[in-house]
Amino acid sequence: MRESFIEWVTFAVLFGWAAHAVRSMMRGDRRTIQLIQLVHFAFCGAPLFLDLVVGAPGYTYHVGYIAARADTTTRWLYFVYILFVPVVFAVAGGKQDRNIATPGRYFNLGLSRRARRVAAGIVVAFVMAVLVSNPVEYFRYGTALDTTFTAKPGYLLVSALSGLAAVAGTLLLTEHTIHWSLRVPIVPILFVAMWVQGKRSVVALTVFGMFFAAWQSGRFVGKGLVAGGTVGVAVLIGFSAFYQNELRSTSTGRRVEAVADSPGYVYFRVDYGRDAGIRMAIHAEVDPEVRPVLRYRGESVLFLVTAPVPRSIWPSKPNAYAMYSTAQALGIEPRPIGWGITTSWLEEAIANFSWLGFLIGPLVPALVCNLGDRRKTAASGLLTAVLASLVLTVNMAAFLPLTALWLLSLFERSSVRVTPTFEPQPGRWVTGG
Numbered sequence: 001m002r003e004s005f006i007e008w009v010t011f012a013v014l015f016g017w018a019a020h021a022v023r024s025m026m027r028g029d030r031r032t033i034q035l036i037q038l039v040h041f042a043f044c045g046a047p048l049f050l051d052l053v054v055g056a057p058g059y060t061y062h063v064g065y066i067a068a069r070a071d072t073t074t075r076w077l078y079f080v081y082i083l084f085v086p087v088v089f090a091v092a093g094g095k096q097d098r099n100i101a102t103p104g105r106y107f108n109l110g111l112s113r114r115a116r117r118v119a120a121g122i123v124v125a126f127v128m129a130v131l132v133s134n135p136v137e138y139f140r141y142g143t144a145l146d147t148t149f150t151a152k153p154g155y156l157l158v159s160a161l162s163g164l165a166a167v168a169g170t171l172l173l174t175e176h177t178i179h180w181s182l183r184v185p186i187v188p189i190l191f192v193a194m195w196v197q198g199k200r201s202v203v204a205l206t207v208f209g210m211f212f213a214a215w216q217s218g219r220f221v222g223k224g225l226v227a228g229g230t231v232g233v234a235v236l237i238g239f240s241a242f243y244q245n246e247l248r249s250t251s252t253g254r255r256v257e258a259v260a261d262s263p264g265y266v267y268f269r270v271d272y273g274r275d276a277g278i279r280m281a282i283h284a285e286v287d288p289e290v291r292p293v294l295r296y297r298g299e300s301v302l303f304l305v306t307a308p309v310p311r312s313i314w315p316s317k318p319n320a321y322a323m324y325s326t327a328q329a330l331g332i333e334p335r336p337i338g339w340g341i342t343t344s345w346l347e348e349a350i351a352n353f354s355w356l357g358f359l360i361g362p363l364v365p366a367l368v369c370n371l372g373d374r375r376k377t378a379a380s381g382l383l384t385a386v387l388a389s390l391v392l393t394v395n396m397a398a399f400l401p402l403t404a405l406w407l408l409s410l411f412e413r414s415s416v417r418v419t420p421t422f423e424p425q426p427g428r429w430v431t432g433g
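For the sequence shown, the working numbering begins at 1 and goes up steadily by one.
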């Protein structure tokens, strides 16, 4: 009963942070960190609510998750950690720019000529990669779930470019300076990117990018912001249900007595919750009898830094954090098994930096938002929002090319232009530089 009360309190506080973020966004606050507050609530706060209402997921072979949840100290530290994260976001996520946040002003974002060329080049490269790698193989949706197919070098290139093409295509599609006749071909290319990649990530990137562009441009304000966000979430939930039913078997042949024990619910919690992985990383720190997630501190960070180095040159090169986390969850020795559990930087930071990781974890996405928002360009804005969201929801090794593009966008010239949405009054409007 006592722990249930703490869970309700933790959920209520996280919900308060999320509600404050929505309220600020409705009033014109366009800092990316407000959107990231909502992402944190969705992947750490909402699972708490499901635990209380539906029940904790009935994991069967995720022995690492089961052991972490059974440890009292781990559970309490988890509550403290996820409550500490939004505080770091608020402190380090950047200050509100009053010049562009006042309600009624139209935040007119435009791509620079260089950004348009880079975005167009990525889209063209994606189309060429699909055509060169025998596009007939992609006629069946879900080909990406076949591990023998995904091991082919051609697919690896297409998969990497599909995520970049989704971001680049979204930038071009929402760019108001490009004639509509040139934007129309982007739509089928975005659809192809979603189809050939065969996973939910590209769909999420596209929907997220469209919402972000509409919000930053001032088209989603007030109740329209809530309506647009609701539609976006509904699209993602609908597609996820289709993906789950059509491409992933949830039938085990055994009878379940509760919804929390059903395979569908367990898969949903593994896919859309980061609570179990974070608890598991904490458990490895507090219990000396538990095997550490990584073989040594900084192992997965070393992999990120040395990602371009071929394994043929360095056979003992570390692997991505997802492999170690998956092995820890399944109770096996770390080794490639053809698939991996989706992880978060919030847990990876703890595994790499121990107790210091409790600060480094939330500080990284906060600084990404802080730096990206200072540029005030369409490219840096969208890339910042996408990158910070992915840091909280996906293994960092999965979006290294996107990180490189984000770093390049920080050097793009600012192109903020603020114009009124209704008849200006003397002394009321300020033009950004």
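Beta carbons are placed, not taken as given, at the ideal position from N, Cα and C, and that holds for glycine.
> Quick one: what does DSSP say T32 is sitting in, helix, strand or coil?
Replying inline: helix
>> What ranges does the beta strand (DSSP E) occupy inside the segment 319-350, keeping only unbroken runs of at least 3 residues that lie completely in it?
In response: none
>> Let me make sure I understand the geometry here. Which of L171, L356 and R311 has the alpha-carbon closest to that of G298?
In response: L356
> Which residues bound the alpha helix (DSSP H) around A90?
Replying inline: T72 to A92
>> Are the CB atoms of Q328 and G58 within a distance shorter than 8 Å?
In response: no
>> I believe R44 touches L77 by the beta-carbon criterion, under 8 Å. Please report the beta-carbon distance rounded to the nearest angstrom.
In response: This sequence places Cys at residue 44; Arg is not what is there. Going by Cβ atoms, the distance from C44 to L77 rounds to 14 Å, so no, they are not a contact pair.
> How many angstroms separate the CA atom of A379 from the CA atom of V118?
Replying inline: 10 Å
> Who are the near neighbours of A125 in its chain, counting only those whose CB is closer than 7 Å to its CB and skipping five residues on each side?
Replying inline: L161
> What is the C-beta distance between P47 and R269, in whole angstroms, given that I count them as a contact (C-beta under 8 Å)?
Replying inline: 7 Å
> Based on Cα-Cα distance, which residue from W339, T60, S325 and A12 lies nearest to P263?
Replying inline: T60
>> Cutting at 8 Å between CB atoms, please list the residues of its own chain near F437, excluding the five before and the five after it.
In response: Residue 437 cannot be examined here, being either before or after the span of the chain that is shown, 1 to 433.
>> Please give me, in chain order, every unbroken run of the beta strand (DSSP E) with length at least 3 that falls completely inside the segment 183-245.
In response: none
> Given R291, which residues of its chain have a CB within under 8 Å of its CB, disregarding the five upstream and five downstream residues?
Replying inline: A284 and Q328
> Taking the C-alpha atoms as reference points, what is the distance between I282 and S325?
Replying inline: 12 Å
> Could you check where the alpha helix (DSSP H) with V124 kicks off and where it finishes?
Replying inline: R113 to V132
> By how many angstroms is the C-alpha of S217 removed from the C-alpha of L190?
Replying inline: 21 Å
>> The alpha helix (DSSP H) that contains W355, what's its start and end?
In response: No alpha helix (DSSP H) contains W355, which DSSP labels as neither H nor E.
> What number of angstroms, rounded off, separates the C-alpha of M436 from the C-alpha of L302?
Replying inline: The structure shown has nothing for residue 436, since the chain only spans 1 to 433.
> Under three-state DSSP, which class holds G273?
Replying inline: coil
> What residue range is occupied by the uninterrupted alpha helix (DSSP H) comprising V305?
Replying inline: E299 to V305
> Is the beta carbon of V391 sitting closer than 8 Å to the one on W345?
Replying inline: yes
> Quick one: is I100 buried, meaning 16 or more other Cβ sit within 10 Å of its Cβ, or exposed?
Replying inline: Low confidence applies here, because I100 scores a pLDDT of 49, under 50, leaving its location unreliable; read the following figure in that light. When all chains shown are included, I100 counts as buried.
> Is F411 helix, strand or coil when you go by DSSP?
Replying inline: coil
> CA-CA distance, L408 and V88?
Replying inline: 26 Å
>> Since G169 and V123 should fall inside the 8 Å C-beta cutoff, what is the C-beta to C-beta distance between them, to a whole number of angstroms?
In response: 6 Å
>> With H, G and I counted as helix, E and B as strand and the rest as coil, what does DSSP make of S312?
In response: coil
> So is G253 buried or exposed if we call it buried at 16+ other beta carbons inside 10 Å?
Replying inline: In this predicted model, G253 has a pLDDT of only 48, less than 50, meaning its place in the structure is not dependable enough to derive any value.
>> Tell me which residues share the same chain as R75 and place their Cβ nearer than 8 Å to its Cβ, disregarding the 5 neighbours each side in the sequence.
In response: E3, R69 and R279
> What is the DSSP secondary structure of P401, reduced to helix, strand or coil?
Replying inline: helix
> Roughly how many angstroms lie between the CA atoms of L173 and A115, to the nearest whole one?
Replying inline: 13 Å
> How about V80 and V130: are their beta carbons less than 8 Å apart?
Replying inline: no
>> Could you tell me the alpha carbon to alpha carbon distance between S316 and E412, rounded to whole angstroms?
In response: 38 Å
>> Using only the alpha-carbon positions, how far apart do A18 and F41 sit?
In response: 6 Å
> Of the choices G224, A120, R23 and V203, whose alpha-carbon is the least far from that of P185?
Replying inline: A120
>> Could you compute how far the alpha carbon of L182 sits from the alpha carbon of D71?
In response: 57 Å
>> Do S389 and I33 have their beta-carbon atoms positioned less than 8 Å apart in this structure?
In response: no
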